[in-house]
Amino acid sequence: MIFGIFERVFGKGSEGEVKQVIVVRTDLKMGVGKIAGQVGHAAVLGYKKVTREFPSLAERWEEEGARKVVVKVGSEKEFFSLYEKVKCRLPCALVHDAGKTQIKAGTPTCFAIGPYYEKEIDEFTKEMKLL
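Numbered according to numbering that gives the first Met the number 0, the sequence shown spans residues 0 to 130.
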């Protein structure tokens, strides 16, 4: 992917602090335990992707405390509108539910942005409400 090529050519850069943001759909009315599980899946998938694409950035995120922020969207339309905008510019990991408990199998529940540079993530998420 282009992100990994950029890092290998130009290095990790100095664009400020690194964080991960997880975007959760609240229209699905998931219980708190279900949300916690889905957010956990997103955090791990996002981290794995960045580890492959930006290994030094993933390491830096860990060294800085592996900061995560969880925000919410109120509809599937809002969720996919944001996801489509973000995935073109930043590393993202989309989570689909397995369908074993509260949600139909294959339903998109949340997605992780990053870990990546806070300044760039904030272009998309700064005004969003925390979960």
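All C-beta atoms in this analysis are idealised placements derived from N, C-alpha and C, irrespective of residue type, glycine included.
In the DSSP secondary-structure assignment, I112 is bridged to V20 and C91. C-alpha of K33 to C-alpha of S55: approximately 32 Å in a straight line. Q19 and Y115 have their alpha carbons spaced roughly 6 Å apart. Under the three-pair Cβ rule at 8 Å, the stretch 76 to 84 does not count as touching the stretch 35 to 52. Under the DSSP assignment, K47 falls in the alpha helix (DSSP H) whose first and last residues are V31 to E52. Per DSSP, reduced to three states, the secondary structure at K67 is strand. For E14, the closest C-alpha among the options F123, E117 and F110 is that of E117. The beta carbons of A97 and L44 sit no closer together than 8 Å. For V85, the CB contacts under 6 Å within the same chain, skipping 5 residues up- and downstream, are C91, I112 and F123 in chain order. The residue among E16, I21, E58 and T25 with its C-alpha nearest the C-alpha of I102 is T25.
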